[in-house]
């Protein structure tokens, strides 16, 4: 009986499971970060300071704690060149180096960097598996889950870098946008996935957004420009959700498409839409 469910049901079962994994690991990281702040300790190699936002809520600020004992390593960064290092043997030398433009050298949060690269590998592995080896559900779901579990802490770090309270607001926005686009896209309102102009517009817009984000690494843009780009990106991925929910409905009419392999592929597509929508909203809300 369970196997006779619709493609949408199968897709949502897989998608919901992955989103729960992300939220669980994200909230776990945030809770541990708050405990680290309260106990004046570190979590994941990161220290945390507390501040109060305009609404009177606690806002945790992550930072890397410099070495407390001497000698202390100092670094000065000039443009994009390699940093210049110096060593301070006492506090007086630290003050002198700070006046010259040096800053405290801190070891990078290698755990976060390692987790980021693991997430990238897991993401691309999932992409390959759902497209070419979708018949092997167990392996595909295992890698998919590892991808979600590694993204949760990264999402928590992104939220902490801005204001985690705004991050919670962004999560609520994504939830309601997903529900709305799912209702409209899967309903009988309009065949978004069969409209060639709509699909082409989405592809061209995505290409333009990718080009803009690549250029951002080499050219500095104003905050208003970046914010406008993020708002555009949020609208774009909302459009993709409409398209993909409608595409699921179209697939249900095709013989042999109502299986767990197809559902995993569609869940991954919606997963990417939702994650990108969330990242764009977070970008738009950050200062």
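In this note's numbering, the protein residues as written are 768 to 1054. Glycine included, every Cβ here is placed at the ideal spot set by N, Cα and C.
- Between residue 894 and the set 1053, 1034, 1049, 1051, the nearest pair of CA atoms involves 1034.
- Beta bridge pairing from DSSP links residue 852 with 842.
- Of the candidates 933, 840, 956, 933 places its Cα closest to the Cα of residue 1050.
- For residue 831, the closest of 877, 952, 896, 820 by C-alpha to C-alpha distance is 877.
- Excluding residues up to 5 positions away in sequence, 793 lie with their Cβ nearer than 6 Å to the Cβ of residue 922 in the same chain.
- Counting the other Cβ atoms within 10 Å of the Cβ of residue 1011 gives 16 or more, which makes it buried.
- If you draw a 10 Å sphere on the C-beta of residue 812, you find fewer than 16 other C-beta atoms in it, and that means exposed.
- DSSP, reduced to helix, strand and coil, places residue 815 within a strand of the structure shown.
- The criterion of a C-beta distance shorter than 9 Å is not satisfied by residue 788 and residue 870.
- Taking a contact to require three or more Cβ pairs closer than 8 Å, the segment 1026 to 1042 and the segment 986 to 997 do not qualify as touching.
- Looking at 1003, 948, 975, the one whose alpha-carbon comes closest to that of residue 1014 is 948.
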